[in-house]
Amino acid sequence: MGVPAFYRWLAEKYPMVVVDVIEEEAVVIDGIKIPVDTSKPNPNNLEFDNLYLDMNGIIHPCFHPEDRPSPTTFDEVFQCMFDYIDRLFVMVRPRKLLYMAIDGVAPRAKMNQQRSRRFRAAKDAADAAAEEELLREEFEREGRKLPPKVESQTCDSNVITPGTQFMGVLSVALQYYIHLRLNNDPGWKSTKVILSDANVPGEGEHKIMSYIRLQRNLPGYDPNTRHCLYGLDADLIMLALATHEIHFSILREVVFTPGQQGKCFLCGQMGHLAADCEGKAKRKAGEFDEKGDTEVVAKKPYQFLNIWTLREYLEYEMRIPNLPFEMDLECIVDDFIFMCFFVGNDFLPHMPTLEIREGAINLLMAVYKKELRSLGGYLTDGSQPNISRVEHFIQAVGSYEDKIFQKRARLHQRQAERIKRDKAQLKRGDDAEPQVKPESLVPVTRFHGSRLASGPSHSPYQQKGSESRGRKAARSSSGASVGAAIVEAENSLETEICENKEELKTKLKEVLREKSDAFNSENPEEDKVKLGEPGWKERYYEEKFSAQTAEELDCIRKDVVLRYTEGLCWVMRYYYEGVCSWQWFYPYHYAPFASDLKDLDQLNISFELGSPFKPFNQLLGVFPAASSHALPEHYRRLMTDPNSPLIDFYPSDFEVDMNGKRYAWQGIAKLPFIDEARLLAEVARLEHTLTEEEVRRNSIMFDMLFVALSHPLSPYIFSLNDRCKQLTDKERAEIKEQLDSRARFAMLSFH
50 MGVPAFYRWL AEKYPMVVVD VIEEEAVVID GIKIPVDTSK PNPNNLEFDN LYLDMNGIIH
110 PCFHPEDRPS PTTFDEVFQC MFDYIDRLFV MVRPRKLLYM AIDGVAPRAK MNQQRSRRFR
170 AAKDAADAAA EEELLREEFE REGRKLPPKV ESQTCDSNVI TPGTQFMGVL SVALQYYIHL
230 RLNNDPGWKS TKVILSDANV PGEGEHKIMS YIRLQRNLPG YDPNTRHCLY GLDADLIMLA
290 LATHEIHFSI LREVVFTPGQ QGKCFLCGQM GHLAADCEGK AKRKAGEFDE KGDTEVVAKK
350 PYQFLNIWTL REYLEYEMRI PNLPFEMDLE CIVDDFIFMC FFVGNDFLPH MPTLEIREGA
410 INLLMAVYKK ELRSLGGYLT DGSQPNISRV EHFIQAVGSY EDKIFQKRAR LHQRQAERIK
470 RDKAQLKRGD DAEPQVKPES LVPVTRFHGS RLASGPSHSP YQQKGSESRG RKAARSSSGA
530 SVGAAIVEAE NSLETEICEN KEELKTKLKE VLREKSDAFN SENPEEDKVK LGEPGWKERY
590 YEEKFSAQTA EELDCIRKDV VLRYTEGLCW VMRYYYEGVC SWQWFYPYHY APFASDLKDL
650 DQLNISFELG SPFKPFNQLL GVFPAASSHA LPEHYRRLMT DPNSPLIDFY PSDFEVDMNG
710 KRYAWQGIAK LPFIDEARLL AEVARLEHTL TEEEVRRNSI MFDMLFVALS HPLSPYIFSL
770 NDRCKQLTDK ERAEIKEQLD SRARFAMLSF H
């Protein structure tokens, strides 16, 4: 599901669901930072019991941040993560539980999306490296110095996948961090901490939901428990609704639309608007001011999305008079979640009929309200969709397809014409550099080393009031000592190198964006399907599924409908009960149309649970050959050796179907699906080559529970430890300890 699109739709339609977070800042006294006392009441006037962190929403921003230089070592990433978690803890201040969930091995249904993302990340990285090399050569020809390339441990973000060395070290780093906070931070003292690392199977957010479901089923569970979940995925909103917990909030950064990141349009810096701009030179991200206590990079503000308010909005929105059955808010919530699966999820390709930005959710809700009386009941019963009612509903949605496609084609044509017109204006020189320069501009003289040199610069003119650094250096050398002039010249050169680096980064982004824009292509991809024109459905199956005859088209369409309907049932059960099949996946790159989903009551849908992949097997299933360095040596050969029996799984290049989209990243990567039986057969021959450390990384493990010595659980843990010292691992797993009511809830995920 498109995160910005769905979040923006929700915040605009139901504005009161979002509340700005009041954040208490640390105080600096005499250069010493005094941390916030998190044991004091929450300044938001809202106390939370449990805080759940979807850790991948923390790892990625720390691994490749947008608002500061990228880290070059894992240690820098870890420190950034510690600061990140500290900030979230200060905002929420959980009183009972902190649950940190890292993505473990995912179901096959999710692995296909992961495979597409990682192959594209490798392809994009290779394209970016090639473009950067060309830009560096261009800068060198102009005599503009750049810092040398720095070797970085973080150059391949694909290592943020279970089984890699990075994820193993991350687990140890987080254990160190938890111990540090439990021993030193008063706000952590009474808090239980559960760490579910990458060796525990399952996606982070679903491990969290599984924990909440199990807690709810315990006798004596407090229904007034207040939950807060941090994460960046729009799916978290659906998952929070699916718990049917009333007191639930989603914590996340404020979503900015492109071009509105709070930057001043005069100087391009964060933290102030043009009206307050003082024209100061741009400083490096992460640099500090004279006092050393204020970061130049403005912190992104945060918001709480309150699920209880969203539930009230849905109850009001879905008031339907004269229903032949009783109105049930919990069923309405379940149906809303199910309907949103049609506009996008991580397990099924996007249905061509419905786009969030075109008002698809509003359409689904309008059809639902119109058809609910005639449905005779709700679309879902807990985790089970009522297939006959779903068919009735989606057929009603499908009746709008022609109008949707025709409107989309008109808008696409207008957009193409507008962009073509804008580019034509650029070629005519409508906004070319003026021939007569204002008197307030003078040529720049640049200073290299300890001598003056005139030449082209990335900014050929600058204002008189801001005298060039070269001129200042020249004046200082004539009026002061030569040594001072050399020092100033060296500082000038260093500043220029930093500015050149920033400009290179900016230009590289612009070049890559331009290249990914389909409207800039000299040979744009022809739209052979032409949705909205007569015969669009037949052309869709011919082009996307290679159907050659009417019989073949009908056969493919039926199988696509079966697999897609299976997918809807699988996702619903995944959200409400957990994984019902680790092996199931949707075996096509494209979805059917809404109007295709008919005769659903004739389908036989069932699932076998199976078991999750081991971490190294998943790495082989989702990694491109360019990321093979993260796997053990013998495993790498399966990805890189031309004679490997699996080499067809790792194409060096692949087709990206733009599928009517504008930018390359929106297209569909047509990668071959992994043959599980072939992969597992080859891996079985290699497992004996693993080292002890690699065996540990490739293992399935359990959640870890941490408490302070003063916590009520501490005596029970010591008792268990004493009883289990002489037992085997199998015997230890079967040992049970009787807990009283104060302690039993936290022990649920402790093994």
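Here the sequence shown is numbered in this note's numbering, starting from 50 and rising by one per residue. Glycine residues also receive a C-beta, built at the ideal position from the N, C-alpha and C atoms.
The residues GLU420, SER423, LEU424, in chain order, have a CB closer than 8 Å to that of HIS441 in the same chain once the five nearest residues on each side in sequence are set aside.
Distance from the CA atom of LEU288 to the CA atom of SER565, rounded to whole angstroms, is 33 Å.
The three-state reading of DSSP puts THR358 in helix, counting H, G and I together.
Just so you know, the alpha carbons of VAL303 and TRP714 end up roughly 23 Å apart.
HIS293 places its beta carbon 8 Å or farther from that of ASN273.
Bounds of the alpha helix (DSSP H) holding ILE468 are 450-477.
Distance check between ILE436 and each of ASP451, ASP384, PRO664, LEU359 places ASP384 closest, using alpha-carbon atoms only. Exclusion of the five residues before and after VAL628 leaves PRO156 as the residues of its chain whose Cβ lies within less than 6 Å of its Cβ.
Listed in chain order, the beta strand (DSSP E) elements of length 3 or more contained wholly in the region 728-781 are 753-755. By the Cβ-count criterion, ASN207 is buried, with 16 or more other Cβ atoms from all chains shown falling within 10 Å of its own Cβ. At a Cβ-Cβ threshold of 8 Å, GLN444 and LYS607 do not count as neighbours. Between TYR148 and LEU195 the beta-carbon gap is near 45 Å, outside 8 Å, which marks them as no contact.
Ranked by Cα distance from GLU563, the first of ASN653, LYS472, ALA54, ALA533 is LYS472.
Sequence-distant Cβ neighbours of TYR589 in its own chain, meaning closer than 6 Å and more than five residues away, are VAL578. In terms of CA proximity to ALA679, GLU743 leads the group GLU743, GLY709, ARG727. Rounded to the nearest angstrom, the gap between the Cα atoms of GLU180 and GLU574 is 23 Å.
The Cβ neighbour count for ARG360, taken over all protein chains shown within 10 Å, is at least 16; the residue is labelled buried. Here the alpha carbons of VAL85 and GLY217 stand approximately 31 Å from one another. Residue burial is scored here from C-beta neighbours: HIS737 has fewer than 16 other C-beta atoms within 10 angstroms and is therefore classed as exposed. Burial state of VAL416 is buried, judged by a 10 Å Cβ sphere holding 16 or more other Cβ atoms. Contact check for PRO434 against PHE387 passes: the beta carbons are separated by less than 8 Å. In terms of Cα proximity to PHE390, the closest of LEU413, CYS380, ARG406 is LEU413. Distance from ALA534 to ALA171 at the Cβ level is roughly 48 Å; contact not present, criterion being Cβ atoms closer than 8 Å. Counting C-beta pairs with one atom in each stretch, the region 253-266 and the region 150-168 have three or more that are closer than 8 Å, which means they touch. Cβ-Cβ distances below 6 Å link LYS256 to ALA150, SER245 in the same chain, with the five nearest sequence neighbours on each side left out; the list follows chain order.
When secondary structure is reduced to three states using DSSP, PRO350 falls in the coil class, being assigned neither helix nor strand. Under the three-state reduction of DSSP output, GLN632 falls in the coil class, being neither helix nor strand. Residue pairing by DSSP puts PRO434 in a beta bridge opposite THR429.
Cβ atoms of LEU363 and VAL382 come within 8 Å of each other, at about 6 Å. Relative to PRO721, the option among LEU735, ILE696, LEU100, ASN708 whose CA is nearest is ILE696. Listed as beta-bridge partners of MET367 by DSSP are no residues whatsoever. The residue from THR777, LEU776, LEU754 with its alpha-carbon nearest to that of ILE766 is LEU754.
The continuous beta strand (DSSP E) containing GLU302 extends over residues 297-302. Comparing C-alpha distances from ASP271 to each of GLN775, ARG477, ASN99 shows the shortest one belongs to ASN99.
Close CB contacts of ILE654 within its chain, under the 6 Å cut and outside five residues either way in sequence, are with GLU615, CYS618 (chain order). Secondary structure in the region 98-142: the beta strand (DSSP E) runs of 3 residues or longer, each lying completely within the stretch, are 99-103 in chain order.
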